[in-house]
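K.L.:
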Amino acid sequence: MARSRLVLTAMILTAALTGPLPAPLHAQEAGHVKVTRGTVQIERAGQKTPAAVGAVVQAGDVVATGPDGSVGITFLDNSLLSAGPNSVLAIDRFAFDPTTHQGGFESSLRSGTLAVVSGKLAKQSPDAMKVKTPAAVLGVRGTEFLVRTGDPKKD
Amino acid sequence: MRRHAALAALALLLLVGCARPARDDLYVLMPGADGKTGALTVDSAGKQAVLDQPYAAVRVKEPGQVAAGTITEQEARQAFGAALAAQPDRPLSFTLYFLEARDELTPDSRQILGRIVDELSRRPAPEIVVIGHTDRVGAVPYNDALSLRRAERVRDELVKVGVAPDRIRVEGRGEREPLVPTPDEVPEPRNRRVEISIR
Chain X
19 MARSRLVLTA
29 MILTAALTGP
39 LPAPLHAQEA
49 GHVKVTRGTV
59 QIERAGQKTP
69 AAVGAVVQAG
79 DVVATGPDGS
89 VGITFLDNSL
99 LSAGPNSVLA
109 IDRFAFDPTT
119 HQGGFESSLR
129 SGTLAVVSGK
139 LAKQSPDAMK
149 VKTPAAVLGV
159 RGTEFLVRTG
169 DPKKD
Chain C
2 MRRHAALAAL
12 ALLLLVGCAR
22 PARDDLYVLM
32 PGADGKTGAL
42 TVDSAGKQAV
52 LDQPYAAVRV
62 KEPGQVAAGT
72 ITEQEARQAF
82 GAALAAQPDR
92 PLSFTLYFLE
102 ARDELTPDSR
112 QILGRIVDEL
122 SRRPAPEIVV
132 IGHTDRVGAV
142 PYNDALSLRR
152 AERVRDELVK
162 VGVAPDRIRV
172 EGRGEREPLV
182 PTPDEVPEPR
192 NRRVEISIR
């Protein structure tokens, strides 16, 4: 058994040293839109597109809802993020190893409301998940919480 | 005269500044759906707070001004109604068991397959991950192949009842992740399984 594992490790090392490994499938995929109401847009590389159910969310995306909008996203580690109206949510970083459950998830709520159910990343490591607002950094030690942020003068 | 005007303007600015705080941030820890409540740490301009009770809440009017307290469930539902209503369905996982050395499900597990299909049909844009496992009877390469075959078998069953194949990801982990650890070459029915996660 130990020998097979050694052989496998050697094979992986050889592959890593001798040539580029094939890119993992859907490397950029962080999650999928599961719920939308009203106006919801995803901004990627400066381009805004309306978000439909099933749309892919990537690290680097900014998800924005209109005055009548809300959106729910399920991430690959089973984290659930849902935003209410007039919200701007940036997915700053998402990395998840489905075998070891290690990686990191950082997002920023720039304005609006957000409900979070944390997933496998936060369960694996207490420092893996962070939610930022313009006023604070929230460290996630598991399960469910709510975030509202914004400038009340604008409301 | 000009100095008076400047002072008055300053006073007005201060007054307005005090009457309208810069922010109205609210962070709330909710009880978990499984009955367990986690914890949330808040760091605002170096001021820290830890929320570890259901409905524990922090308000931040200015960065560094952290006011801790609690709110009621009703207040939370009111302030976050739309965000909570947009929460996706909770991910679910199921475990199906196999007969020894075969890619055939036990009768009990056949029934669970039906429940999974029902659940999938309710979900928008469902994703399915199917991971096969074996016990430690047999060599590692044999079990790697068997675990993948079991996962593929479950995928085929799902496709047969109408699940789109491109929604299903299949993986085989062989004997590496036993549910019940055993010495090598020990038969263990609980390790001959396929785990299905849907979200």
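Residue numbers (the working numbering), protein chains in the order written: chain X, 19 to 173; chain C, 2 to 200.
Heads up, the beta-carbon is just placed ideally off N, CA and C, and yes, glycines get one too.
1. Taking the alpha helix (DSSP H) that residue 143(C) belongs to, which residues open and close that run?
2. What are the boundary residues of the alpha helix (DSSP H) that residue 117(C) is part of?
3. By the criterion of Cβ-Cβ separation under 7 angstroms, what are the contact partners of residue 66(X) in chain C?
4. Closer than 8 angstroms by beta-carbon distance: list the chain C residues that pair up with residue 57(X), in chain order.
5. Report yes if the CB atom of residue 23(C) is closer than 8 angstroms to the CB atom of residue 62(C), and no otherwise.
6. Going by C-alpha distance, which of 76(X), 149(X), 50(X) is nearest residue 133(X)?
7. Which residue spans inside the segment 33-105 of chain C form an unbroken beta strand (DSSP E) run of at least 3?
8. Using a Cβ-Cβ cutoff of less than 7 angstroms, which residues in the same chain neighbour residue 27(C) once the five nearest sequence positions on both sides are dropped?
9. Would you please verify whether the beta carbon of residue 146(C) is less than 8 angstroms from any beta carbon of chain B?
10. Given that a residue counts as buried once 16 or more other Cβ atoms are within 10 Å of its Cβ, and exposed if not, what is residue 156(X)?
11. The segment 88-99 of chain C: which residues have C-beta closer than 8 angstroms to a C-beta of chain X, in chain order?
12. Only counting the same chain, and skipping five residues up and downstream in sequence, which positions put a Cβ closer than 7 angstroms to that of residue 151(C)?
13. By how many angstroms is the C-alpha of residue 44(C) removed from the C-alpha of residue 60(X)?
14. I want to see whether chain X comes within less than 8 angstroms of residue 153(C), judged by CB atoms only; does it?
15. Hey, does residue 156(C) have any beta-carbon neighbour from chain X nearer than 8 angstroms?
16. Ignore the nearest five residues each way along the sequence and tell me which others in residue 158(C)'s own chain have a CB closer than 7 angstroms to its CB.
17. Give a yes or no on whether the C-beta atoms belonging to residue 175(X) and residue 97(X) are separated by under 8 angstroms.
18. Where residue 89(C) and residue 92(X) are concerned, what is the direct C-alpha to C-alpha distance, given to the nearest angstrom?
19. Please list, in chain order, the residues of the segment 78-102 of chain X that have any C-beta partner in chain C closer than 8 angstroms.
20. Whole angstroms are fine: how far does the CA of residue 121(C) sit from the CA of residue 181(C)?
21. Does any residue of chain C have a CB that is nearer than 8 angstroms to the CB of residue 119(X)?
22. Count the other C-beta atoms from every protein chain shown that fall within 10 angstroms of the C-beta of residue 176(C), then say buried if there are 16 or more, exposed otherwise.
23. Mind checking if residue 123(X) is an interface residue toward chain C, Cβ cutoff 8 angstroms exclusive?
24. Would you mind telling me which residues of chain C sit closer than 9 angstroms to residue 164(X), beta carbon to beta carbon, in chain order?
25. With 8 angstroms as the threshold, decide whether the Cβ of residue 41(C) is near any Cβ in chain X.
26. Which residue from 100(X), 144(X), 56(X) puts its Cα closest to that of residue 49(X)?
27. Compare the Cα-Cα distances from residue 170(C) to each of 85(C), 149(C), 190(C) and report the closest residue.
28. Give the secondary structure of residue 152(X) by DSSP, where H, G and I count as helix, E and B as strand, and everything else as coil.
29. Taking only the alpha-carbon atoms, compute the straight-line gap between residue 25(C) and residue 76(C) and give it to the nearest angstrom.
30. Give me the subset of the segment 146-165 of chain X whose CB atoms are less than 7 angstroms from a CB atom of chain C, sorted by chain position.
P.N.:
Reading it off the structure:
1. Residues 141-161.
2. Start and end: 108-123.
3. The premise fails here: residue 66(X) is roughly 19 angstroms from chain C at the closest Cβ pair, so nothing lies under 7 angstroms.
4. Residues of chain C passing the Cβ test: none, with the nearest at roughly 13 angstroms.
5. Annotated as proximal: residue 23(C) and residue 62(C), with beta-carbon spacing under 8 angstroms.
6. The shortest Cα separation from residue 133(X) among 76(X), 149(X), 50(X) belongs to 149(X).
7. Note on the segment 33-105 of chain C: whole beta strand (DSSP E) runs with a minimum of 3 residues are 41-45, 48-52, 57-61, 67-71, 93-98, in chain order.
8. So the list reads 58, 60, 80, once near-sequence residues are dropped.
9. Of the protein chains in the structure, X and C, none is chain B.
10. Buried, because 16 or more other Cβ atoms sit within 10 Å of the Cβ of residue 156(X).
11. Residues are counted here when their Cβ sits less than 8 angstroms from a Cβ of chain X; for the segment 88-99 of chain C these are 88, 89, 90, 91, 92, given in chain order.
12. Result list for residue 151(C): 99, 104, 133, 195, in chain order.
13. When rounded, the distance between both Cα atoms is 28 angstroms.
14. So no, residue 153(C) is outside the interface.
15. Chain X has no Cβ within less than 8 angstroms of the Cβ of residue 156(C).
16. So the qualifying residues of the chain are 114.
17. Absent from the model: residue 175(X). The displayed extent of chain X is 19 to 173, so no value can be given.
18. In this structure, the CA atom of residue 89(C) is about 7 angstroms from the CA atom of residue 92(X).
19. Under the 8 angstroms Cβ criterion, the segment 78-102 of chain X contributes 88, 89, 90, 91, 92, 96, 98, 100, 101, 102.
20. In a straight line, the C-alpha of residue 181(C) is about 29 angstroms away from that of residue 121(C).
21. No, because no Cβ of chain C sits closer than 8 angstroms to the Cβ of residue 119(X).
22. Buried: at least 16 other Cβ atoms inside 10 Å.
23. For residue 123(X), the answer is no, since every Cβ of chain C falls outside 8 angstroms of its Cβ.
24. Within 9 angstroms Cβ-Cβ: 27, 28, 29, 30, 31, 58, 77, 80, 81, 84, 85.
25. For residue 41(C), a Cβ of chain X is located within less than 8 angstroms of the residue's own Cβ.
26. Selection 100(X), 144(X), 56(X) evaluated against residue 49(X) yields 100(X) as nearest (Cα-Cα).
27. Measuring C-alpha to C-alpha distances from residue 170(C) to each of 85(C), 149(C), 190(C) identifies 149(C) as the nearest.
28. If DSSP states are grouped into helix, strand and coil, residue 152(X) belongs with coil.
29. Cα-Cα distance, rounded: 15 angstroms.
30. Close to chain C, meaning a Cβ-Cβ distance shorter than 7 angstroms, are the following residues of the segment 146-165 of chain X: 151, 153, 154, 155, 156, 157, 158, 159, 160, 161, 162, 163, 164, 165.
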